[in-house]
Amino acid sequence: MKGIITLLLFTVSMIAQATEQAEEIFKQLAPSLYQIRLIDKTSGEKSSIGSGFQITDDGLIGTNYHVISGYARHPSKYRMEYLDNLGNKGQLELKSVDVINDLALVKRETTQPMPFFAISDSVPAKGEELFSLGNPHDLGMIVVPGTYNGLKKESFNDRIHFTGSVNSGMSGGPVVNAKTEVVGINVATSGNQIGFLVPHEKLVALFNNYKIKPPENIEAQMLEQLVENQNKLISTILNSEWQLKQLGQGLIPTVDVPYIRCWGDSNADKTDALILTAVANCTLEEDTFVSSNFFTGAIEMDYRYMQGKDLSDTKFYTLYEQQIKRAGPGNKATKDDVTEFQCQHDIVTPSHQNIKNKAIFCTRAYKDFAGLYDVLYIAGSIDQNNRALVSHFTIAGVQQDTAMAFTKKFMESVTWK
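Residues 0 to 416 in numbering that gives the first Met the number 0 are what the sequence shown lists, from first letter to last.
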């Protein structure tokens with residue numbers, strides 16, 4: 000009993016210490032923290048809010064791209080403003096973005112040098128206590144203690160796993176160590192004390208590039224970043240090992256990279272099913288936010304094996320055709336962002352494979368980012384009477400030559416066992 004009481008007293012003491020440290024950090028850093036607001040010009044009301052923090056003495060502020068994305072995409076519709084810890088407001092100017100790492104630099108006017116956050120020159124130790132600052136739910140600036148848990152392993156673009164409550168409105172706020180140095184930027188939450196941060200070195204890179212050569216056009220800067228990231232991603236996938244795996248009586252490819260994860264299912268337990276179906280789905284579990292209704296960077300590969308149970312060929316193919324019609328794009332976009340899909344249909348037999356497919360290849364172009372496309376491909380086998388293999392992929396935001404290279408490898412990796 001005495002041991003339990005001692006442990007409880009120790010725990011209470013540690014919590015009190017952490018709270019006291021958090022309060023001191025907040026008091027010290029509050030003058031350099033801001034609420035970032037997007038104001039709809041027509042209504043004059045807030046459209047969205049986030050957080051930001053000053054990184055130079057002349058008013059340059061770091062935040063998330065998604066916090067100011069409405070302005071970046073529609074500057075005639077919105078204006079940006081800050082709210083400081085004393086309740087003062089002012090206009091902001093967009094200086095640079097990193098759409099891949101969800102970062103942006105905005106600037107306020109200053110009349111004299113101001114306090115700003117120091118950026119760490121090292122990575123935290125695993126288990127190190129960190130402090131997340133921001134403005135959740137428009138309730139005022141707060142500080143939340145948490146723990147550094149290293150980089151998220153399943154991410155193509157680095158994200159820090161942070162054990163702490165990163166809430167809505169804290170996006171774009173800094174995460175600091177005990178020395179009040181920035182080691183990350185709030186970006187997302189999965190709830191249950193699981194948050195994700197952009198590593199501080201991504202902000203350093205954006206700042207250094209801005210100092211060397213400020214972008215002349217934000218849209219052109221975003222296009223360059225989208226192209227570079229997707230080329231790197233697809234190139235990495237194409238150069239990785241594609242392992243063939245059995246699905247029913249078919250062979251399908253899986254890619255040996257940690258950020259593409261596969262899941263499977265079947266209806267083998269349904270004795271009354273007319274068609275035995277086995278499904279495998281492999282996806283990139285991240286995408287790139289462009290605007291609230293427009294995401295890109297997605298990759299999905301989907302496979303479906305079907306075998307009829309005492310069905311006529313006609314009945315089997317009627318049910319089979321219904322499955323094929325379910326395919327769709329893997330990312331969200333609107334008619335303002337992309338054109339309608341243009342599709343080509345053909346009968347194909349991939350080289351060195353023993354399968355004959357009816358294939359559909361579709362593309363839609365990005366309206367504001369010339370040379371980028373969403374691609375949808377679906378192929379259904381037509382060389383068996385009572386069994387079929389459907390292979391389908393979607394990739395978002397790729398150039399034409401990249402799309403064709405991926406399509407060729409995908410087509411030639413699906414076959415009968």
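Glycine is no exception: its CB is placed at the ideal position from the N, C-alpha and C atoms.
Since the structure is predicted, the reported quantities are computational estimates derived from the model, not experimental observations.
TODO: Taking 7 Å as the cut-off, decide whether the C-beta atoms of Leu102 and Leu205 are in contact.
DONE: The sequence position of residue 102 within the sequence shown is 103, counting from 1. The sequence position of residue 205 within the sequence shown is 206, counting from 1. The answer is yes: Cβ separation under 7 Å.
Task: Proximity to Glu44 [Cα-Cα], best of Leu91, Met79 and Arg72 - done: Position 45 of the sequence shown holds residue 44. Of Leu91, Met79 and Arg72, the residue nearest in Cα terms is Met79.
Task: CB of His199 within 7 Å of CB of Ile67, strictly - done: As a working mapping, residue 199 is identified with position 200 in the sequence shown. As a working mapping, residue 67 is identified with position 68 in the sequence shown. Against a cut-off of 7 Å, the Cβ pair of Ile67 and His199 comes out as no contact.
TODO: Identify the continuous alpha helix (DSSP H) that holds Thr401 and give its terminal residues.
DONE: Along the sequence shown, read from residue 1 onward, the residue named residue 401 stands at position 402. Here the alpha helix (DSSP H) through Thr401 covers Gln399 to Met410.
TODO: For Gly327, name the three-state secondary structure that DSSP assigns.
DONE: Reading the sequence shown from its first residue, position 328 is the one you call residue 327. Coil, per DSSP.
- [ ] Apply the 10 Å Cβ neighbour rule to Met140 and answer buried if 16 or more other Cβ atoms are within range, or exposed otherwise.
- [x] Counting from 1 along the sequence shown, the entry for residue 140 is found at position 141. Label assigned to Met140: buried.
Open item on the list: Tell me which residues share the same chain as Gly247 and place their Cβ nearer than 6 Å to its Cβ, disregarding the 5 neighbours each side in the sequence.
Closed with: Taking the sequence shown and counting its residues from 1, the one referred to as residue 247 is at position 248. If we look at Gly247 and ignore the five residues flanking it on each side, its Cβ neighbours are Ala277 and Tyr304.
TODO: Report yes if the C-beta distance between Ser170 and Asn185 is below 7 Å; otherwise report no.
DONE: The residue given as residue 170 occupies position 171 in the sequence shown. The residue given as residue 185 occupies position 186 in the sequence shown. Closer than 7 Å, so yes.
- [ ] Can you grab the Cα-Cα spacing for the pair Gln399 / Tyr376, in whole Å?
- [x] Position 400 of the sequence shown, counted from the start, is the residue given in the question as residue 399. Position 377 of the sequence shown, counted from the start, is the residue given in the question as residue 376. If you take the alpha carbons of Gln399 and Tyr376, they lie about 14 Å apart.
TODO: Put His391 into one of helix, strand or coil per three-state DSSP.
DONE: Locating residue 391 in the sequence shown gives position 392, counting from the first residue. Of the three classes helix, strand and coil, the one that applies to His391 here is strand, per DSSP.
Task: C-alpha distance - Glu153 paired with Val254, whole-angstrom precision - done: The count along the sequence shown starts at 1 and reaches residue 153 at position 154. The count along the sequence shown starts at 1 and reaches residue 254 at position 255. Spanning the two alpha carbons is a distance of roughly 13 Å.
Task: Coil, strand or helix - Glu153 by DSSP - done: For the purposes of this step, residue 153 is taken as residue 154 along the sequence shown, with counting starting at 1. Note: Glu153 maps to coil in three-state DSSP.
Open item on the list: Determine whether the beta carbon atoms of Lys331 and Phe294 lie at a separation below 7 Å.
Closed with: As a first step, residue 331 is located in the sequence shown; it is residue number 332 there, counting from the start. As a first step, residue 294 is located in the sequence shown; it is residue number 295 there, counting from the start. Yes.
Open item on the list: Within 10 Å of its beta-carbon, does Met300 have 16 or more other beta-carbons around it, so buried, or fewer, so exposed?
Closed with: By 1-based counting over the sequence shown, the position of residue 300 is 301. Met300 should be labelled buried.
Open item on the list: According to DSSP, simplified to helix, strand and coil, what is Ser68?
Closed with: On the sequence shown, position 69 is the one that residue 68 refers to. DSSP places Ser68 in helix when its eight states are reduced to three.
- [ ] Spell out a yes or no on whether the stretch 352 to 372 and the stretch 219 to 236 are touching, meaning 3 or more CB-CB pairs, one atom from each, closer than 8 Å.
- [x] yes
- [ ] Select from Ser46, Val197 and Lys106 the residue whose C-alpha is nearest the C-alpha of Asn156.
- [x] For the purposes of this step, residue 156 is identified with residue 157 of the sequence shown, where counting begins at 1. Nearest option by C-alpha distance: Val197.
- [ ] Reducing DSSP to helix, strand and coil, say where Asn185 ends up.
- [x] Along the sequence shown, one-based indexing puts residue 185 at 186. Three-state result, Asn185: strand.
Open item on the list: Nearest by alpha-carbon distance to Tyr64: which of Leu28, Asn84, Leu37 and Ser350 is it?
Closed with: In the sequence shown, residue 64 corresponds to position 65, counting from 1. The option with the nearest alpha carbon to Tyr64 is Leu37.
- [ ] Have a look at Val347 and Leu237 and give me their C-alpha separation to the nearest angstrom.
- [x] Translated into positions along the sequence shown, residue 347 becomes position 348. Translated into positions along the sequence shown, residue 237 becomes position 238. Cα-Cα distance, rounded: 21 Å.
- [ ] Answer yes if the stretch 212 to 221 comes into contact with the stretch 377 to 391, meaning at least three C-beta pairs across the two stretches below 8 Å, and no otherwise.
- [x] no
- [ ] Taking only runs that begin and end inside the stretch 76 to 112, name each unbroken beta strand (DSSP E) of 3 or more residues, in chain order.
- [x] 77 to 82, 88 to 90, 92 to 97 and 102 to 106
Open item on the list: According to DSSP, simplified to helix, strand and coil, what is Val413?
Closed with: Locating residue 413 in the sequence shown gives position 414, counting from the first residue. DSSP places Val413 in coil when its eight states are reduced to three.
Task: Cβ-based burial, Asp57 [other Cβ within 10 Å; buried from 16] - done: As a working mapping, residue 57 is identified with position 58 in the sequence shown. Flag for Asp57 reads exposed.
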